[in-house]
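In our numbering, the protein residues as written are 1056 to 1191.
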């Protein structure tokens, strides 16, 4: 069995079906010990600001296209959070967007580890595992 990649993961997506599928892929591949899923960027920011420091996620899977507070707004507000919250955390944008401008904009953000298109699968999780090993 493969070792977990992160003790805690936050999955942010407004689509219940995508949340369900991605959650099952993450669980099936033993990617994390704890998985929290939220349906908006606003809820995710609130969670990060209020959760105990020990429970902060190491990886956030973030959808870009969400109502109210989309992924870009989340990234902007995330960058304003204190280092005590942001340190040790990597964001993986997981989106259905195939807009090259979105990808360029996201890849310029230093908080983003990787830009992936939906759906999540075992190969994409392995890419993230490898990237995290190389940045650790």
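The beta-carbon is built from N, C-alpha and C at its ideal position, and this holds for glycine as well.
When C-alpha distances from residue 1123 are compared across 1074, 1084, 1100, the shortest belongs to 1100. Classified as exposed, residue 1083 has fewer than 16 neighbouring CB atoms from the shown chains inside 10 Å of its CB. According to the DSSP assignment, residue 1063 belongs to no alpha helix (DSSP H) but to the beta strand (DSSP E) extending over 1061–1067. Here DSSP, grouped into helix, strand and coil, assigns residue 1142 to coil.
With the rule of 3 Cβ pairs closer than 8 Å, the region 1134–1143 does not count as touching the region 1176–1186.
Of the candidates 1067, 1085, 1137, 1085 places its Cα closest to the Cα of residue 1059.
Look at residue 1089 here: in three-state DSSP terms it is strand.
Positions of the alpha helix (DSSP H) runs, each at least 4 residues long and wholly inside the region 1117–1183, are given as 1126–1133, 1138–1141, 1155–1162 in order along the chain. Remark: fewer than three beta-carbon pairs, one from each stretch, lie closer than 8 Å, so the region 1087–1094 and the region 1122–1139 are not flagged as touching. Distance from the CA of residue 1137 to the CA of residue 1071, rounded to the nearest whole angstrom, comes to 30 Å.
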